[in-house]
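> Right, I'll just put the structure down here and ask away after.
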Amino acid sequence: MRFEGELLSPPKLRFDYALRSKIEENPFRGIQKYGPYDGGQLPFSKVNVGIIFPSGYSDVKEAIKLGMTEGEGRFRGFKSLFRIPLEFTFEREYANSLQLRSSLRNIPSDCDFVFVILPHYDVNEYSFVKRELLLNGILNQVVTGDKIRKRKSEGSLVWTLTNIALSMYAKLGGIPWLIDARHDRKELIIGVSRVQDKSGKYVAGFVTLFSQFGDYLFLESRSPVVEWDKYIEGLRDLIIDAFIEYLGNEGEPDVLILHFHKNPGRREIEAVTTALNELKIDIPYALVHLNEYSNYRIFDTTMPNFVPERGLKVNLSPIQALLLIDGNINGKRNRMGTPHPLEIRLDKRSTIDRSEFPYLVKQVYDFSYVNWRGFNARSSPVTINYPKLIAKLVLTVGPSNWNNVLANGRLKDKAWFL
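Just so you know, we're using our numbering here: the sequence shown kicks off at 79 and counts up by one.
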């Protein structure tokens, strides 16, 4: 059997909302040259930062403070990259869990962001810290002290600090970069993913994006996560809410695109059609299944590691393809093992024309370049990666506490889940 394929070109990344000329393929180089897409226009002139650290880890505390303010190696500090000053305005040392709890509950009201250092990763302590801070609407980064020391001894602390700064800026509500997608079509895009806890209970996470003058922006949604038994109702409500918000800002979208982590079934179709009927609109929609756990593998026998280049697409049918988003870059790959291709399939019940499938695959590939967790973070389309991160954190906080997080309001329009 013979299959046809092609190597997709990487997207251009845009670093200025006003000037389309400020584009780069490499996100770190782009940020260095141009600064962030939104020009550092956060709702405050200076970022007030706190740091909470355990006894015996003052060296880690100082490494983070110095790294964020003065920089380390190629990284010249938070202000140098993101064009907004940062100041550490308070610090607290703790010797035990009671002191940690007290520190978390007595953070100054003018603090915009908090670093919490744990000696080593402990799932219970991590969950406790995240729950305390998110329930109070406090943006944060939990750091493992032993890991920082290890990175420093290896000489690789520069990338850890750089990636922390990137996710920090996004959590604060900033937009580091976007895909420079030049088209006039108005698109509303929804990504759906799910995670399972130890008891087998599922939680679904949602993320919404929309196109504005060719740029894909994140759109806040009222119900970003639901327990699995309320999944269909949550999906329907999300489509309605996102459509109404899009309508108010941009006008009626031309197409609705949904990316599903699981194979869409009858219930997903029901949610989409019910939402569109309630809205009294008739626009084409695409139901796209992104399977991260495909049984297919792709090899390149001309390469020493047998791994093809990133962006290789192999067509299996007019509506099904394999896409390698974690392959070699210029013949090299900094990870061991054989990468799993993403198996992409357009559901036959979609009302969008099937000739659009190559465009939909390229769009998925482009979305793998908008991972603000780190400049060198593992590639995954944000439409399935971000919903998964949201659902994981909701399990960490506890689904019963989730409404309290939403009600606080301070996390609205921010990528707090990174």
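Where a beta carbon is used, it is the ideal one built from N, C-alpha and C, also for glycine.
Specify the secondary structure class of Ser395 as computed by DSSP and reduced to three states.
strand
> Taking Asn479 as part of the beta strand (DSSP E), name the residues at either end of that continuous run.
Note, Asn479: premise wrong, no beta strand (DSSP E); not H, not E.
> I'd like the list of long-range same chain contacts for Gly128, defined as Cβ closer than 8 Å, with 5 residues on each side in sequence excluded.
Phe166, Thr167, Phe168, Glu169, Arg170, Ile185, Pro186, Cys189, Phe191, Val192, Phe193
> State the Cα-Cα distance for the pair Met381 and Thr474, rounded to the nearest angstrom.
41 Å
> Taking the alpha carbon of Lys157 as the point to measure from, which residue in Glu434, Ala243, Tyr115 has its own alpha carbon closest?
Ala243
> Express the C-alpha separation of Ile468 and Arg300 in angstroms, rounding to a whole number.
Because the pLDDT at Arg300 is just 44, under 50, the model does not fix this residue reliably, and the value given afterwards should be weighed accordingly. It is roughly 14 Å from the alpha-carbon of Arg300 to the alpha-carbon of Ile468.
> Is Leu402 closer than 8 Å to Arg51 when the C-beta atoms are compared?
In the structure as shown, the chain starts at 79 and stops at 496, and residue 51 therefore has no counterpart that could be examined.
> Look up Tyr247 in the DSSP assignment and say whether it is helix, strand or coil.
helix
> Could you please give the first and the last residue of the uninterrupted alpha helix (DSSP H) stretch that includes Phe166?
Run containing Phe166: none in the alpha helix (DSSP H); it sits in the beta strand (DSSP E), 164–172.
> Expressed to the nearest angstrom, what Euclidean distance is found between the alpha-carbon atoms of Gly113 and Asp258?
Straight across, the Cα-Cα distance linking Gly113 with Asp258 is about 15 Å.
> Can you tell which of Leu159, Leu239, Tyr443, Asp425 has its C-alpha closest to the C-alpha of Glu140?
Minimum Cα distance to Glu140 is reached at Leu239.
> For the candidate residues Gly223, Gly251, Ile226, whose alpha-carbon lies nearest to that of Ile500?
Past the boundaries of the shown model lies residue 500; the chain is included only from 79 to 496, so the question cannot be answered.
> What's the C-alpha gap between Leu438 and Thr147?
41 Å
> Closest by CA to Tyr363, which one among Pro465, Arg209, Ile268, His339?
Comparing Cα-Cα distances from Tyr363 to each of Pro465, Arg209, Ile268, His339, the minimum goes to Ile268.
> In the stretch 104–157, which residue ranges form an unbroken alpha helix (DSSP H) of at least 4 residues, counting only runs that do not cross its ends?
105–112, 136–147
> For a quick check, are the C-beta atoms of Tyr172 and Pro197 less than 8 Å apart?
no
> Thr461 and Val333 - do their beta-carbons sit closer together than 8 Å?
No, these two residues do not count as a Cβ contact at 8 Å.
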